[in-house]
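*Asks:* Structure below; questions to follow.
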Amino acid sequence: MFQTLLQKEAIEPVILDMTETPLMTDYFIVVTANSQIHMKALRDSVLSILEKRSHPIIHYDKSLGYDWLIIDAGEIVVHVFTAKGREFYDLEGLWSDAKRV
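The numbers in numbering that gives the first Met the number 0 rise by one with no breaks, and the one at position 34 of the sequence shown is 33.
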């Protein structure tokens, strides 16, 4: 999944190991998109991979027009931001104790 995001030109991709946090997920994948169309392409690529692997998808944001969208696949949660959204929400700062993979 991470490789696909790289191939789709996700900006500044980061994987955070969340296993030592109180959250019920193992990993956050955090990326930035350069436009709403790019956000949709990244989201759709991740969903396609999950569907091909028959991996359960708990929730994903279907609408666009926001600075942040989430794909919750249980042990992996993918966060796709605009640059403005990533700076504002600062997940990497919020979870600075999480290890980067």
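Ideal Cβ placement from N, Cα and C applies to all residues, glycine included. For clarity, every value in this text was computed on a predicted model and none was experimentally measured.
Using beta-carbon positions only, say whether Ala32 and Val79 come within less than 7 Å of one another.
*Replies:* Contact flag set, yes.
*Asks:* For Lys98, which residues does DSSP report across the bridge?
*Replies:* Asp16
*Asks:* Please list, in chain order, all residues of the same chain as Ile28 whose beta carbon is under 6 Å from its beta carbon, the five residues on each side excluded.
*Replies:* Ile14, Val77
*Asks:* Can you give the Cα-Cα distance for Lys7 and Ile48, rounded to whole angstroms?
*Replies:* Whole-angstrom Cα-Cα distance: 13 Å.
*Asks:* How would you write the range of the alpha helix (DSSP H) that Leu46 sits in, first residue to last?
*Replies:* 35-51
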